[in-house]
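Engineer: Mind the numbering: the sequence shown is residues 0 to 186 in my numbering, read in order.
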Amino acid sequence: DLQRIRRVELGADDWSNIAQTVRSLEKVNVHVDFTNPLHPDTVSNRIRWQKNATGVDVVAVDYVHRMKTRNRHHDEREAIAEVTRSLKSDASACKVPIIALAQLSRDLEKRTDKTPMLSDLKGSGDLEQEADNVLFLHRPCIYDERQPEDLAYLYLAKQRNGPEGRVKLEFRGRNVRFYPEAQARMI
């Protein structure tokens, strides 16, 4: 329960669980890079170095719009295009999946139907073009207070080699986690 952790209201069992989790995380090969600003060539070099040093199973970039290019671009769309092409090239060259988080444009809030679409991706053309898969997490209660707090959907808006669709999820705010419903399936 993250609220109890934030308020430091933890009992002996909680501390024991935290210690056990830390021990299990020590065995996981995770590298976090807080370099700011992060440039595409820096990401490329770090992926290659890490792959040679300890191996890389997956790369996550949080988030694409914060990356800076060394070239001067006249608009954000050109910069996003350079970043996404570089990430796609890195994924292919290093044979590693790259999860790139991206920001949605505010246009979503102007529509009646708040379900995210590919065109809602900020700088969507190039992100959409380069991505093999595009997924959106959506909690209807954010825009409609009549919707249940625990209802969420995972939208597979693009899948280069397969069907698109959505999966109904259960959101547990206490843990900030999404769980598949018992009978989760593509709908």
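The C-beta atom is built at its ideal place from N, Cα and C for all residues, glycine as well.
If you reduce the DSSP assignment to three classes, tell me which class A130 lands in.
Structural biologist: For the purposes of this step, residue 130 is taken as residue 131 along the sequence shown, with counting starting at 1. Residue state, collapsed to three classes: coil.
Engineer: Is Q146 helix, strand or coil by DSSP?
Structural biologist: One-based indexing of the sequence shown puts residue 146 at position 147. Three-state DSSP puts Q146 in coil, outside helix and strand.
Engineer: Going by the beta-carbon positions, is the gap between E129 and T83 smaller than 7 Å?
Structural biologist: Residue mapping note: residue 129 aligns to position 130 of the sequence shown, counting from 1. Residue mapping note: residue 83 aligns to position 84 of the sequence shown, counting from 1. Yes, they are a contact pair.
Engineer: Where do the N-terminal and C-terminal ends of the beta strand (DSSP E) with A99 fall, by residue?
Structural biologist: For the purposes of this step, residue 99 is taken as residue 100 along the sequence shown, with counting starting at 1. Residues 97-99.
Engineer: F33: buried (16+ other C-beta within 10 angstroms of its C-beta) or exposed?
Structural biologist: Against the sequence shown, residue 33 aligns to sequence position 34. Burial call: exposed.
Engineer: In terms of alpha-carbon separation, which member of K50, L153, I17, E75 lies closest to A92?
Structural biologist: The residue you call residue 92 lines up with position 93 of the sequence shown. Nearest of K50, L153, I17, E75 to A92, Cα basis: K50.
Engineer: Are there any heavy atoms of the ligand MN lying less than 6 Å away from the beta-carbon of I97, as far as the coordinates show?
Structural biologist: For the structure depicted, the ligand MN is absent and the ligand set is empty, with no information on it obtainable.
Engineer: Give me the Cβ distance between K121 and Q146, rounded to the nearest whole Å; I'm assuming they're in contact under 8 Å.
Structural biologist: For the purposes of this step, residue 121 is taken as residue 122 along the sequence shown, with counting starting at 1. For the purposes of this step, residue 146 is taken as residue 147 along the sequence shown, with counting starting at 1. Not quite, the Cβ-Cβ distance comes to about 25 Å (not below 8 Å), so this is no contact.
Engineer: How would you call S104, buried or exposed, if buried means at least 16 neighbouring beta carbons within 10 angstroms?
Structural biologist: Translated into the one-based positions of the sequence shown, residue 104 becomes position 105. The residue in question, S104, is exposed, as its Cβ has fewer than 16 Cβ neighbours within 10 Å.
Engineer: With distance defined between alpha-carbon atoms, name the residue in N174, A151, N160, V95 nearest to E180.
Structural biologist: As a first step, residue 180 must be located in the sequence shown, where it is residue number 181. Here the closest residue by C-alpha is A151.
Engineer: Could you check the C-alpha separation between A78 and R65 for me, to the nearest Å?
Structural biologist: Working through the sequence shown from its first residue, we reach residue 78 at position 79. Working through the sequence shown from its first residue, we reach residue 65 at position 66. Answer to the nearest angstrom: the Cα atoms are 10 Å apart.
Engineer: In chain order, what are the residue ranges of uninterrupted alpha helix (DSSP H) at least 4 long that sit wholly in the region 61-106?
Structural biologist: DSSP runs (the alpha helix (DSSP H)) wholly in the region 61-106: 75-93.
Engineer: Can you tell me which of the three DSSP states E108 falls into?
Structural biologist: To locate residue 108, count along the sequence shown from 1; it is residue 109. Three-state DSSP puts E108 in a helix.
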